[in-house]
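Participant: Chains as they are written, first to last, in this note's numbering: chain Y, 5 to 376; chain Z, 129 to 1066. Every residue, glycine too, gets a C-beta built ideally from N, C-alpha and C. As the structure is a computational prediction, the values presented were derived from the model and not from experiment. Attaching a single structure in structure tokens format; questions to follow.
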């Protein structure tokens, strides 16, 4: 009787909808904005992706925890999600390469969650009502009290979270052999992005989000990378400023996800909060330059305004579009070696279809000119 | 690349009769492909010799060719009618082999026809084991160490080099035919010889056996721009060593990390792009070393397969439909997701549920067969269970099997001998899943079970959890002690009320009443390809125990059509054909149609056939929940074979209207005693018979009715355990064996009419009038099961008087039984006297055959009559007889080398084909007929 011996837990949404379940992970109470991810593999990578900071995550995949947890699957040193909601949590796991069960891992990382919830109903609810704040608790089951606590949680719109998850001190990862050096502005970068650089002979220095541009240039980089990360890009004027300066250097600049949004803002294109974002590893994107399509890994709740792009076609060019809803998935700045994508070419989790973008950046470091 | 507009007509090649390894999944794919092409304005022709298929319906294609799948037929068709292209990837290996053969003799060039959706070199690469292995290694993928052998000596050397255990894989064979594992040098020569003989090119690959590795299958789509998407990943519950068609399989993969999965996905894409140039569906199998997570490639099928049908049903993504469009030149990113209608077809489905497929074996039909599972597929059908969790899906799949199980165990059939159980774990047979649970019940630790079975511990622990749950439950003693939380937990684990009743020594009804008093009822979820991320426009549903119910019951006039469950011998594709027609006819009559079935290979479980599809076990608890939710006007049970018919009694008790013939009339026809009394009253002759409860009584009855006698258990399908015996001694032996295998069963003993002719009639009756669809005469004498007989339509040697008598008896009997809908009556004719042997108050195996032979939509008419939508007098029948049509049975004996191939009263054929002959001088007919005397001499 797996569930019957477990403590009850409750999930309450800002609109008053509640779900009863059973406590998983560490006991406690947690708040955040609720979102769902439709990936069927890679739960640990998702939990540790800093872009998920402040989010309560619903896994649509039924079984979570089947293959335990392994340090090699971490995308950062911590579990970044604020809470976890699953239908069926694995009490036993099976994987030779795992280091522990997911339960042991989440307890150690102090993450609170619940299972036994009709996650599909929850997803359908959010799909209709849009993203909203939520609270999970296994210590307080009184909905009124939880509701009072939930009311105090700030909205994700206008929230700056990048500097919270960013590295506090700069650090270097040196590639052998080293062909180039890239300065990484860490708004919450995933480890696999850095791995993708070093695999291509690119050494990186990872800078805190609020680094001054001159500190960054002291590294004498061959290119600048704007990382992924959590929160509302419009609440990050410092980053927009960094992007403007980066672009002005004439050095190759590459942005992923939040970095892509920052780059858009730096070119006068506003961002907006999406109804419920794209989170999963099956999102189709068409590369408008090559005509080829790719299945991408995505995780974003904000997007780049398509209308504003139409009005700024002299400045930027749309390179990628989402095949499902036609949203903007990639941009390049006209006349400059600057490009960005909304999705995650580093995958982890997700398909490796878009790995070529790292090759493209490596080549750009060589040639300094984007291919026509 | 957009659609190639130069293709205005396409000929689709079907897969022919059902054999083990190639079943009705190709009716599903051919039908989807034909509809998909027609949608594009393409004229579609279809060749298939299997009459029991939807694909060969005038509704599906523009021109149907019910001809043998030979190059001669292809040549004949193309000489008469022009086609721009041929699509050979929808009809399994049979269609591909035919396309290759036709290509070799230059038929495609001669008629200026393009092969679309396929690359012959890719086929060759996939089929030629040696080429394939070298090619994979060239592109950087690993295969198991292997050597090719074209002779016995080469084969012996190969094994010597590689070392045992090895796998023998013959090139160019179907369903693993001729292949197998070999553990020792002693058994090797014989197995090697068999493998070489099985291969049409006399070639085998000797592989190093990777026992205990995990096995995965990916279903992919590829377009001509080289875009590749993975539609479904299937994990085999049974590790390497058991043919995937005989393996229990699960989707999505349960035990793969993202790193391992993406590694496999990357390799699949590399392999696919290196397999020539084709656009369409494809399947690739991998094996994974669980310790290092490294993969090796096992095989690639560059066509739609059995697994694609399963993947389509598992994900909701219509693979064959899209594959057909890709063959026309479309790219994936130019097409829409058929389920959401708004998002792109270029994506990878996400599941928020679990599916479990369990194969359905029929070993009892093949006495003497090697029951051990291995590389050669032996199952005849499959079921799929959909649940929100693995346990729920697993139990639902067990409930779908229709072999008397109420779920995974807890239903009165445990094995308790430790040695017996252990040996069954090590050597897999059809019951291994159940023996695993028995082993746990006996206290055998999971680690031991893992050592013996190599099944991943995650799966084993899921079953262990069930065993623990049941032990906890049994401590509660009575059902009233089960509280809401526990009941919800149990139901979420997939337990049927019947299982809970068994554990707590209660009645199913008590459990149900208690459960409902706790407010626990089934809710329904949609299979939507996208885990609810986008809105979907489909009514493809499954049940679970969650909070939200997505199935909205309309107040339209509606009817439920019960499907026929898994294919097995005696009940196959022909009943799916009937169900699909029933659905279409009921729609035409203004009904909302609700299909209930659990066979993933079928057309009836396609998402756009019925208005609503409940992919559920054809099992009372699930059906009752649907009826409670939908409140239909009634249920059609006549079309789904014995499966559906068996539920009639429960429906009657519940007060649900059975559409057409009443339960009482059905029972009258099925109950031997009542039926014979009726025949007597109607003055219709029948062979003397009797019923016995024990051996002594059986001997008495046999002497009373007179030898030879036909002995059989009551209530069985396809003549199971039916024998003809001629003396007391044989009778005793056979009756004892029936009681041993089927205790609590009565034995029926009929006087056997030796050397009689056999014939059958299919008819429609509306209660007042009777319409005889056709009279079929069997070439084989009485004593051979009708399903194994060659039936000739119309009768060819019966006298006018005999035919008139049969017709008259049909009228008399159908009216007396108050049949509303279909009836099939079997006759024996001896010395001018006509006897009725049995009557089936439902669609029969031959109904589709007659419909095809006469090109008349009889099932539509019958459904309209059943529903009361039309009377027979309102229907204008316009059959188009052309010479004689012969239904020829097809067997799969080559899968069971040691089995007695002699035919008798027990059905053994797996499929059938239709042959048309102009007259009785036709050489095909003469040959069949000359074999008749062979039966008479035995």
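1) Would you grab the beta carbon distance between residue 677 of chain Z and residue 652 of chain Z for me? Rounded to a whole angstrom, and I think it's under 8 Å.
2) Can you list, in chain order, the stretches of the alpha helix (DSSP H) that have 4 or more residues and sit fully within the stretch 777-808 of chain Z?
3) Hey, would you say residue 313 of chain Z sits closer than 8 Å to residue 339 of chain Z, going by beta carbons?
4) Leaving out five residues before and five after residue 983 of chain Z in sequence, what residues of the same chain have Cβ atoms less than 8 Å from its Cβ?
5) Determine, using beta carbons only, whether residue 127 of chain Y comes closer than 8 Å to chain Z.
6) Measure the Cβ-Cβ separation of residue 648 of chain Z and residue 619 of chain Z and say whether it is below 8 Å.
7) How should residue 900 of chain Z be labelled, buried or exposed, when 16 other C-beta atoms within 10 angstroms of its C-beta is the threshold for buried?
8) Can you list the residues of chain Z that residue 70 of chain Y reaches, using a CB-CB cut of under 8 Å?
9) Rounded to whole angstroms, what's the CA-CA distance from residue 1034 of chain Z to residue 358 of chain Y? Just pull it up for me.
10) In whole angstroms, give me the CA-to-CA distance for residue 558 of chain Z and residue 1037 of chain Z.
11) Which of the residues in the stretch 450-466 of chain Z, read from start to end, lie with their CB under 9 Å from any CB of chain Y?
12) What residues in the stretch 351-362 of chain Y have a beta carbon less than 9 Å from any beta carbon of chain Z?
13) Using a Cβ cut-off of 8 Å, pull out every chain Y residue sitting near residue 1006 of chain Z, in sequence order please.
14) Over what stretch of residues does the alpha helix (DSSP H) that includes residue 587 of chain Z continue unbroken?
15) Might you give, ordered along the chain, the residues of its own chain that have their beta carbon closer than 6 Å to the beta carbon of residue 226 of chain Y, omitting 5 neighbours on each side?
16) For the stretch 258-272 of chain Z against the stretch 226-246 of chain Z, are there 3 or more C-beta pairs whose distance is under 8 Å?
17) Assuming residue 876 of chain Z and residue 963 of chain Z make a contact with CB atoms under 8 Å, what is their CB distance in whole Å?
18) What residues of chain Y sit near residue 367 of chain Z, judged by a beta carbon separation below 8 Å?
19) Just curious, the beta strand (DSSP E) that residue 901 of chain Z is in, first and last residue?
20) Taking the C-alpha atoms as reference points, what is the distance between residue 181 of chain Y and residue 81 of chain Y?
21) Taking Cβ to Cβ, would you say residue 309 of chain Y is nearer than 8 Å to residue 273 of chain Y?
22) To test your reading of the DSSP string, which unbroken alpha helix (DSSP H) runs of 4 or more residues are found completely within the stretch 243-281 of chain Z?
23) With a threshold of 8 Å between beta-carbons, can residue 676 of chain Z be considered close to chain Y, or not?
24) Just to confirm, are residue 84 of chain Y and residue 57 of chain Y a CB contact at a threshold of 8 Å?
25) Is the Cβ-Cβ distance between residue 277 of chain Y and residue 233 of chain Y less than 8 Å?
26) Counting only Cβ pairs nearer than 8 Å, list the residues of chain Z close to residue 195 of chain Y.
27) Helix, strand or coil for residue 195 of chain Y? Go by DSSP, reduced to three states.
28) Run through DSSP, which three-state label would residue 771 of chain Z get?
29) If contact means a Cβ-Cβ distance below 8 Å, which residues of the stretch 468-483 of chain Z contact chain Y?
30) Determine which residues of the stretch 82-99 of chain Y have a Cβ less than 8 Å from any Cβ of chain Z, and write them out in chain order.
31) Please check if any C-beta of chain Y sits within less than 8 Å of the C-beta of residue 659 of chain Z.
32) Please confirm if the stretch 685-700 of chain Z is in contact with the stretch 711-731 of chain Z, defined as three or more CB-CB distances below 8 Å between the two stretches.
33) Figure out for me which residue from Z/689, Z/697 and Z/614 has the closest Cα to the Cα of residue 673 of chain Z.
34) So that I know if they touch, is there some Cβ in chain A lying closer than 8 Å to that of residue 33 of chain Y?
35) Counting only beta-carbon atoms, is residue 297 of chain Y nearer than 8 Å to chain Z?
36) Going by DSSP in three states, residue 836 of chain Z sits in which element: helix, strand or coil?
Facilitator: Taking the structure as given:
1) Here residue 677 of chain Z really is in contact with residue 652 of chain Z; their C-beta atoms are around 6 Å apart, less than 8 Å.
2) Correct list: 791-798.
3) No.
4) So the qualifying residues of the chain are 186, 1007 and 1008.
5) Interface flag for residue 127 of chain Y against chain Z is set, since a Cβ pair is found closer than 8 Å.
6) For residue 648 of chain Z and residue 619 of chain Z, yes; Cβs fall inside 8 Å.
7) That one is buried.
8) Per Cβ cutoff of 8 Å: 382, 383 and 586.
9) Cα to Cα, the separation comes out at about 59 Å.
10) Taken atom to atom, the span from the alpha-carbon of residue 558 of chain Z to that of residue 1037 of chain Z is near 20 Å.
11) Those residues of the stretch 450-466 of chain Z that come within reach of chain Y (Cβ to Cβ, closer than 9 Å) are 459, 460, 461 and 465.
12) Taking 9 Å as the Cβ-Cβ cut-off against chain Z, the residues of the stretch 351-362 of chain Y that qualify are 351, 352, 353, 354, 355, 356 and 357.
13) The contacting residues do not exist; residue 1006 of chain Z stays about 49 Å from chain Y at best.
14) Looking at the DSSP string, the run of the alpha helix (DSSP H) that includes residue 587 of chain Z is 585-603.
15) Spatial neighbours of residue 226 of chain Y in its own chain (CB-CB distance under 6 Å, excluding positions within 5 residues in sequence) are listed in chain order as 184, 185 and 369.
16) Taking a cut-off of 8 Å on C-beta distances, the stretch 258-272 of chain Z does not touch the stretch 226-246 of chain Z, as fewer than three cross pairs fall below it.
17) Rounded, the Cβ-Cβ distance is 16 Å, inconsistent with contact.
18) Near residue 367 of chain Z there are no residues of chain Y at all, since even the closest Cβ is about 13 Å away, more than 8 Å.
19) Note, residue 901 of chain Z: beta strand (DSSP E), 898-906.
20) Their backbone Cα atoms lie some 26 Å apart in a straight line.
21) In contact: residue 309 of chain Y and residue 273 of chain Y (Cβ atoms closer than 8 Å).
22) Here the runs fully enclosed are 248-255 and 257-266.
23) At least one chain Y Cβ lies under 8 Å of residue 676 of chain Z.
24) Yes, the pair counts as a contact, with Cβ atoms nearer than the cut-off.
25) Their beta carbons are not under 8 Å apart, which means residue 277 of chain Y does not touch residue 233 of chain Y by this criterion.
26) At a beta-carbon threshold of 8 Å, none of the residues of chain Z lie near residue 195 of chain Y; the nearest stands roughly 13 Å away.
27) Residue 195 of chain Y: helix per DSSP, three-state reduction.
28) Looking at residue 771 of chain Z - three-state DSSP - the assignment turns out to be helix.
29) From the stretch 468-483 of chain Z, only 470, 471, 472, 474, 475, 476, 477, 478, 479, 480, 481 and 482 have a Cβ closer than 8 Å to chain Y.
30) Cβ contacts with chain Z come from 91, 92, 94, 95, 96, 97, 98 and 99.
31) A Cβ of chain Y is located within less than 8 Å of the beta carbon of residue 659 of chain Z.
32) Remark: three or more beta-carbon pairs, one from each stretch, lie closer than 8 Å, so the stretch 685-700 of chain Z and the stretch 711-731 of chain Z are flagged as touching.
33) Of the listed residues, the one whose Cα sits closest to residue 673 of chain Z is Z/614.
34) The structure shown has no chain A; the protein chains it does contain are Y and Z.
35) Among the CB atoms of chain Z, one or more fall inside 8 Å of the CB of residue 297 of chain Y.
36) In the three-state DSSP reduction, residue 836 of chain Z falls in the coil class, being neither helix nor strand.
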